[in-house]
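There are 2 protein chains.
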Amino acid sequence: MKAEIIAIGSEMLTPFRQDTNSLYVTEKLNTLGVVVAFKTIVGDRRKDLEGAIRTALGRVDVLVIMGGLGPTEDDLTREAVGEALGLELHREDALIEALKQRAKSWAMPMPENNLKQADVLEGALVLPNPNGSAVGQWLDTTYESFRKLVMLLPGPPHECKPLFDAECLPRLKRALPSYTMAKRTLRVAMLPESQADKLLAPIYQEYEDVETTILAHSGDIQLTVQCVKADADEAGERVDELASRLEEALGDWLYSSDGESLEQIVLYYLGLRQVTLATAESCTGGMVAARITDVPGASRSFLGGAVVYTNALKTAFADVPAELIAAHGAVSAEVTKALAEGIRKRTGATLGLAVTGFAGPGGGTETQPVGLVYVALADGQKTEVFDRNFRGDRLRVREWASQMALDLVRRRLM
Amino acid sequence: MKAEIIAIGSEMLTPFRQDTNSLYVTEKLNTLGVVVAFKTIVGDRRKDLEGAIRTALGRVDVLVIMGGLGPTEDDLTREAVGEALGLELHREDALIEALKQRAKSWAMPMPENNLKQADVLEGALVLPNPNGSAVGQWLDTTYESFRKLVMLLPGPPHECKPLFDAECLPRLKRALPSYTMAKRTLRVAMLPESQADKLLAPIYQEYEDVETTILAHSGDIQLTVQCVKADADEAGERVDELASRLEEALGDWLYSSDGESLEQIVLYYLGLRQVTLATAESCTGGMVAARITDVPGASRSFLGGAVVYTNALKTAFADVPAELIAAHGAVSAEVTKALAEGIRKRTGATLGLAVTGFAGPGGGTETQPVGLVYVALADGQKTEVFDRNFRGDRLRVREWASQMALDLVRRRLM
Chain D
150 MKAEIIAIGS
160 EMLTPFRQDT
170 NSLYVTEKLN
180 TLGVVVAFKT
190 IVGDRRKDLE
200 GAIRTALGRV
210 DVLVIMGGLG
220 PTEDDLTREA
230 VGEALGLELH
240 REDALIEALK
250 QRAKSWAMPM
260 PENNLKQADV
270 LEGALVLPNP
280 NGSAVGQWLD
290 TTYESFRKLV
300 MLLPGPPHEC
310 KPLFDAECLP
320 RLKRALPSYT
330 MAKRTLRVAM
340 LPESQADKLL
350 APIYQEYEDV
360 ETTILAHSGD
370 IQLTVQCVKA
380 DADEAGERVD
390 ELASRLEEAL
400 GDWLYSSDGE
410 SLEQIVLYYL
420 GLRQVTLATA
430 ESCTGGMVAA
440 RITDVPGASR
450 SFLGGAVVYT
460 NALKTAFADV
470 PAELIAAHGA
480 VSAEVTKALA
490 EGIRKRTGAT
500 LGLAVTGFAG
510 PGGGTETQPV
520 GLVYVALADG
530 QKTEVFDRNF
540 RGDRLRVREW
550 ASQMALDLVR
560 RRLM
Chain H
150 MKAEIIAIGS
160 EMLTPFRQDT
170 NSLYVTEKLN
180 TLGVVVAFKT
190 IVGDRRKDLE
200 GAIRTALGRV
210 DVLVIMGGLG
220 PTEDDLTREA
230 VGEALGLELH
240 REDALIEALK
250 QRAKSWAMPM
260 PENNLKQADV
270 LEGALVLPNP
280 NGSAVGQWLD
290 TTYESFRKLV
300 MLLPGPPHEC
310 KPLFDAECLP
320 RLKRALPSYT
330 MAKRTLRVAM
340 LPESQADKLL
350 APIYQEYEDV
360 ETTILAHSGD
370 IQLTVQCVKA
380 DADEAGERVD
390 ELASRLEEAL
400 GDWLYSSDGE
410 SLEQIVLYYL
420 GLRQVTLATA
430 ESCTGGMVAA
440 RITDVPGASR
450 SFLGGAVVYT
460 NALKTAFADV
470 PAELIAAHGA
480 VSAEVTKALA
490 EGIRKRTGAT
500 LGLAVTGFAG
510 PGGGTETQPV
520 GLVYVALADG
530 QKTEVFDRNF
540 RGDRLRVREW
550 ASQMALDLVR
560 RRLM
């Protein structure tokens with residue numbers, strides 16, 4: 150069963166505003182086994198709107214239309230849906246009365262054009278809106294002899310969402326064959342996307358009834374595996390089977406089988422092993438600490454650390470000898486190792502984590518290019534150091550570097 | 150001139166991910182007087198994709214297609230555009246060579262399916278992509294005897310945006326009738342959105358030919374003032390006139406008249422006054438330092454600092470007396486003041502900045518609720534301390550707190 154969400158409003162076609170209702174509605178539709186196949190954002194022009202609705206009627210079974218139900222000249226959804234489906238509008242007395250009452254209770258005059266909010270499509274069910282003056286409408290109708298479920302919802306999120314939940318979801322549930330969606334999210338660190346796909350595609354392609362989505366960002370991959378079936382157990386089994394095979398193929402690249410973030414996993418293992426962590430960051434400038442402390446309860450395992458942007462602070466906060474920096478440079482395996490060991494000792498943490506590197510755009514040399522990053526982890530017994538060359542701009546290098554640092558802790562503890 | 154932006158990728162039809170490239174591309178298209186009339190988000194199904202492209206070709210003149218240019222089986226944009234426009238694909242030798250070189254330089258094997266990234270549409274111009282393996286394509290073509298400008302761009306934002314700027318914008322400018330957009334972005338810290346709008350609406354509503362947009366996020370307001378005219382000077386004058394009046398009304402809430410971020414402004418003033426800064430962060434856990442070090446060249450004025458998540462580290466890295474913490478609590482004016490003074494002394498910075506607070510969800514008390522934040526700034530002569538109660542979840546409180554801390558430095562220096 151395929152759906153399209155149409156969000157109406159010229160403000161969502163500017164550089165500043167995005168439709169957000171659709172994320173909410175998508176989540177709810179998915180639970181009924183309805184897949185959102187298209188989202189369309191269209192402005193207040195009547196012809197554009199009509200065309201978008203016709204296009205949607207031609208390609209999906211469920212059509213959720215949000216916005217354009219207000220009282221102004223720009224609010225044309227009712228008219229456009231009527232035109233596209235060949236349905237008349239009639240002005241409903243009960244709704245006129247309600248609009249008048251509403252204006253009266255707010256002690257506001259009601260302009261004549263407000264009455265267009267009482268226009269109802271032929272055959273539509275009126276959906277009450279406790280949070281605004283624009284009612285919704287529900288149509289169970291046909292278009293070119295196919296059955297179509299069409300919902301008209303108000304645009305403001307605090308009106309749209311409760312109305313969808315209260316009025317549309319139960320009706321959809323009754324109208325649609327019963328399906329259930331099973332879903333798992335696997336997460337993977339530091340594996341390049343192309344390599345991940347090469348490794349995993351031969352596996353997930355065997356499962357035509359399961360949808361696998363790969364989402365990659367700066368060293369983090371999110372793999373979503375989902376399956377919709379009439380039989381909930383069957384859907385769950387298919388997802389679990391594929392997820393297990395993907396997990397096996399991923400080996401220790403996998404850090405989470407249930408969608409948790411890398412920093413959540415790191416904190417989970419720190420708690421489990423009852424150890425503490427401190428950080429000394431140069432090129433990431435606090436990003437690693439900020440990510441860790443984003444998780445509620447981080448203070449149970451994370452002590453804090455230092456942002457050592459200058460050589461002097463590397464010495465002052467982590468006892469890195471000035472001569473060591475002079476001999477090897479601030480961005481070097483030796484200094485990063487000393488930073489990890491130093492911050493560990495100075496904070497009394499079980500584990501000391503350090504990052505140095507050239508984030509760019511300036512600062513690199515021929516032998517030490519922009520994008521070179523060192524991370525080190527000290528536990529009092531041994532100190533591991535790794536280096537990588539990352540591509541991309543300053544932000545990307547810093548994101549990859551913080552990911553690499555957190556993943557090093559994860560691998561040590563897991 | 151009407152445009153449609155098509156964002157391709159099933160992940161953008163989930164509840165988790167939204168297309169963001171389109172906001173950027175919309176902004177750039179608007180500068181050329183091109184209005185975005187539709188945005189469509191479509192998944193990786195070949196038939197859906199082809200249909201969406203045909204629909205767009207039927208209703209707009211400029212078509213920006215983003216995503217689906219990678220090497221995987223799901224990357225079907227080239228094929229779908231070819232099908233919709235009736236154009237053949239051919240595999241280009243120079244691109245094959247470049248892909249092989251790229252794989253070699255990364256010392257990675259190149260899977261055979263990577264070669265589909267060398268497929269070019271008949272009549273298309275190849276647009277080089279310095280940030281990834283997928284090149285873009287530019288088509289100046291016809292569909293049902295109308296001229297259509299069609300651009301294929303890679304989906305990852307760090308590839309899409311620079312490629313659009315470098316390769317598409319100049320070509321669009323040459324191909325389209327000349328309009329100019331004048332624009333100014335004013336930025337404001339710590340002023341609530343409703344107050345800003347109450348203050349500014351009576352002014353900007355006088356300018357019907359100038360579009361003013363207010364965008365607020367965690368203590369940061371971005372005011373965009375823009376005007377499109379055939380005459381560039383006229384557009385510029387209108388924007389400057391309105392911007393000046395808004396600036397006057399905003400007074401010292403305004404921190405930037407040209408779109409710079411708060412951290413850029415702080416670094417600018419640190420450089421101008423030739424002073425240095427160090428930070429000691431508790432509840433923000435490194436966010437303030439991470440924001441500052443996000444700006445290239447931050448090391449000229451920012452020394453670093455400490456993330457002092459525990460009481461012991463407040464003492465170890467900023468010499469806050471343990472008795473002071475015991476007497477007043479870690480989240481208090483006294484401790485925050487001592488932190489600012491301590492970090493200043495320990496790092497040798499001209500200015501010491503400190504933040505403490507309860508970010509939640511746990512940790513607050515009746516007198517000290519979640520959302521309570523202290524910031525302090527020490528310069529060796531005096532130390533200012535301020536407190537605020539922020540609403541919202543952990544992330545929001547941390548964002549507001551880091552904004553408040555940076556704004557304190559800005560106000561001191563400006």
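Residue numbers (our numbering), protein chains in the order written: chain D, 150 to 563; chain H, 150 to 563.
Idealized CB from N, CA, C, for every residue including glycine.
Bear in mind the structure is a predicted one, so any value in this text is a computation, not a measurement.
1) Under 8 angstroms: do the stretch 483-497 of chain H and the stretch 415-434 of chain D share three or more Cβ pairs, one atom per stretch?
2) Alanine 217(H) by DSSP, collapsed to three states: which one?
3) Quick one: Cα of serine 254(D) to Cα of asparagine 280(D), how far?
4) Is the Cβ-Cβ distance between leucine 236(D) and glutamate 271(D) less than 7 angstroms?
5) Buried or exposed, going by whether 16 or more other CB atoms sit within 10 Å of the CB of phenylalanine 313(H)?
6) Relative to chain H, which residues along the stretch 211-230 of chain D have a C-beta separation below 9 angstroms, given in chain order?
7) Are the CB atoms of alanine 564(D) and valine 546(D) nearer to each other than 7 angstroms?
8) Compare the C-beta of serine 481(H) with all C-beta atoms of chain D and state if any pair is closer than 7 angstroms.
9) Secondary structure at tyrosine 356(H), three-state DSSP: helix, strand or coil?
10) Between alanine 550(H) and chain D, is any beta-carbon pair separated by less than 7 angstroms?
11) Between leucine 452(H) and chain D, is the shortest Cβ-Cβ distance under 7 angstroms, so that the two count as touching?
12) Please return the same chain residues whose Cβ sits closer than 8 angstroms to the Cβ of isoleucine 352(H), not counting the five positions on each side in sequence.
13) Report the residues of the stretch 183-198 of chain D with a CB closer than 8 angstroms to any CB of chain H, ordered along the chain.
14) Can you name, in chain order, every residue of its own chain whose Cβ lies under 6 angstroms from the Cβ of glutamate 308(H), other than the five neighbours on each side?
15) Using a Cβ cut-off of 8 angstroms, which residues of the stretch 475-500 of chain D contact any Cβ in chain H, in chain order?
16) At a CB distance below 9 angstroms, what residues from the stretch 343-367 of chain H approach chain D? Give them in sequence order.
17) Could you check how far apart the C-beta atoms of threonine 221(H) and alanine 350(D) are, in whole angstroms? I think they sit under 8 angstroms.
18) Quick one: list the residues of chain H neighbouring threonine 204(D), beta-carbon separation under 7 angstroms, in chain order.
19) If we count Cβ pairs, one from each stretch, closer than 8 angstroms, do we get three or more for the stretch 311-325 of chain D versus the stretch 360-372 of chain D?
20) For serine 159(D), does the three-state DSSP call read helix, strand or coil?
21) Quick one: Cα of lysine 463(H) to Cα of lysine 486(D), how far?
22) By the three-class DSSP mapping on this structure, what secondary structure does asparagine 280(D) have?
23) Tell me which residues share the same chain as tyrosine 404(H) and place their Cβ nearer than 8 angstroms to its Cβ, disregarding the 5 neighbours each side in the sequence.
24) Could you tell me whether the Cβ of tyrosine 458(D) comes closer than 7 angstroms to any Cβ of chain H?
25) Can you give, in chain order, each stretch of the beta strand (DSSP E) that sits fully within the stretch 322-387 of chain D and has at least 3 residues?
26) Can you name the start and end residues of the beta strand (DSSP E) that alanine 455(H) belongs to?
27) Looking only at its chain, what residues have a beta carbon closer than 8 angstroms to the beta carbon of aspartate 380(H), apart from the 5 residues adjacent to it on each side?
28) Considering only the beta carbon of each residue, do leucine 473(D) and valine 484(D) sit closer than 7 angstroms?
29) Taking 7 angstroms as the threshold (beta carbon to beta carbon), is proline 306(H) in contact with chain D?
30) Closer than 7 angstroms, CB to CB, is leucine 462(H) near chain D or not?
31) Please classify alanine 476(D) as buried or exposed, where buried requires at least 16 neighbouring CB atoms within 10 angstroms.
32) Using 8 angstroms as the cut-off, can you tell me whether the stretch 366-373 of chain D makes contact with the stretch 224-232 of chain H, which would need three or more C-beta pairs spanning the two stretches below that distance?
33) I believe leucine 212(H) touches lysine 297(H) by the beta-carbon criterion, under 8 angstroms. Please report the beta-carbon distance rounded to the nearest angstrom.
34) At a Cβ threshold of 7 angstroms, is proline 445(D) touching chain H?
35) Given 8 angstroms as the limit, is there contact between the stretch 182-197 of chain H and the stretch 152-171 of chain H, that is, 3 or more CB pairs closer than that?
36) Express the C-alpha separation of methionine 161(H) and leucine 198(H) in angstroms, rounding to a whole number.
Checking against the coordinates, here is how it stands:
1) Taking a cut-off of 8 angstroms on C-beta distances, the stretch 483-497 of chain H does not touch the stretch 415-434 of chain D, as fewer than three cross pairs fall below it.
2) Along the second sequence, read from residue 1 onward, the residue named residue 217(H) stands at position 68. Here the sequence assigns glycine to residue 217(H), which means alanine is not the residue at that position. Coil, per DSSP.
3) Position 105 of the first sequence, counted from the start, is the residue given in the question as residue 254(D). Position 131 of the first sequence, counted from the start, is the residue given in the question as residue 280(D). Cα to Cα, the separation comes out at about 14 angstroms.
4) Counting from 1 along the first sequence, the entry for residue 236(D) is found at position 87. Counting from 1 along the first sequence, the entry for residue 271(D) is found at position 122. Against a cut-off of 7 angstroms, the Cβ pair of glutamate 271(D) and leucine 236(D) comes out as a contact.
5) For this step, residue 313(H) is matched to residue 164 along the second sequence. Looking at its Cβ environment, which holds 16 or more other Cβ atoms inside 10 Å, phenylalanine 313(H) is buried.
6) none
7) The requested residue 564(D) does not occur in the structure, where chain D is confined to residues 150 to 563.
8) Counting from one through the second sequence, the residue named residue 481(H) turns up at place 332. No - not a single Cβ of chain D is within 7 angstroms of the one on serine 481(H).
9) The residue given as residue 356(H) occupies position 207 in the second sequence. Three-state result, tyrosine 356(H): coil.
10) The count along the second sequence starts at 1 and reaches residue 550(H) at position 401. Chain D contact via Cβ: absent.
11) Within the second sequence, residue 452(H) is the residue found at index 303, counting from 1. So, interface residue.
12) Here residue 352(H) corresponds to residue number 203 of the second sequence, with the count starting at 1. Taken in chain order, the residues that qualify are Leu391, Arg394, Leu395 and Ala398.
13) Val184, Val185, Ala186, Phe187, Lys188, Thr189, Ile190, Val191, Gly192, Arg194 and Asp197
14) In the second sequence, counting from the first residue as 1, residue 308(H) sits at position 159. These residues qualify, in order along the chain: Asn278, Asn280 and Gly281.
15) Arg495, Thr496 and Gly497
16) Glu360, Thr362, Ile363 and Leu364
17) Locating residue 221(H) in the second sequence gives position 72, counting from the first residue. Locating residue 350(D) in the first sequence gives position 201, counting from the first residue. Yes, they are in contact, since the Cβ atoms of threonine 221(H) and alanine 350(D) sit about 7 angstroms apart, within 8 angstroms.
18) Residue 204(D) sits at position 55 when you count from the first residue of the first sequence. Below the 7 angstroms Cβ cutoff, chain H contributes Thr204 as neighbours of threonine 204(D), in chain order.
19) no
20) Taking the first residue of the first sequence as position 1, residue 159(D) is located at position 10. In the structure shown, serine 159(D) sits in a helix (DSSP, three-state: H, G or I).
21) Along the second sequence, one-based indexing puts residue 463(H) at 314. Along the first sequence, one-based indexing puts residue 486(D) at 337. When rounded, the distance between both Cα atoms is 24 angstroms.
22) As a position in the first sequence, residue 280(D) is number 131, starting the count at 1. Three-state result, asparagine 280(D): coil.
23) Within the second sequence, residue 404(H) is the residue found at index 255, counting from 1. Contacts found: Arg336, Val337, Ala338, Leu411, Ile414, Asp556, Arg559 and Met563.
24) Along the first sequence, read from residue 1 onward, the residue named residue 458(D) stands at position 309. Yes, contact with chain H.
25) 329-338, 359-366 and 369-378
26) Translated into the one-based positions of the second sequence, residue 455(H) becomes position 306. Per DSSP, alanine 455(H) belongs to the beta strand (DSSP E) from 451-457.
27) Position 231 of the second sequence, counted from the first residue, corresponds to residue 380(H). So the list reads Thr329, once near-sequence residues are dropped.
28) On the first sequence, position 324 is the one that residue 473(D) refers to. On the first sequence, position 335 is the one that residue 484(D) refers to. Taking 7 angstroms as the Cβ cut-off, leucine 473(D) and valine 484(D) qualify as a contacting pair.
29) For the purposes of this step, residue 306(H) is taken as residue 157 along the second sequence, with counting starting at 1. Cβ-Cβ to chain D under 7 angstroms: no for proline 306(H).
30) On the second sequence, position 313 is the one that residue 462(H) refers to. Closer than 7 angstroms to the CB of leucine 462(H) there is at least one CB belonging to chain D.
31) Reading the first sequence from its first residue, position 327 is the one you call residue 476(D). That one is exposed.
32) no
33) Position 63 of the second sequence, counting from 1, holds the residue named residue 212(H). Position 148 of the second sequence, counting from 1, holds the residue named residue 297(H). Correct: roughly 6 angstroms between the Cβ atoms.
34) As a first step, residue 445(D) is located in the first sequence; it is residue number 296 there, counting from the start. Chain H, which has a Cβ nearer than 7 angstroms to the Cβ of proline 445(D), makes this yes.
35) Enough Cβ pairs lie closer than 8 angstroms, so yes.
36) Along the second sequence, one-based indexing puts residue 198(H) at 49. Along the second sequence, one-based indexing puts residue 161(H) at 12. Looking at the two C-alpha atoms, the distance is approximately 14 angstroms.
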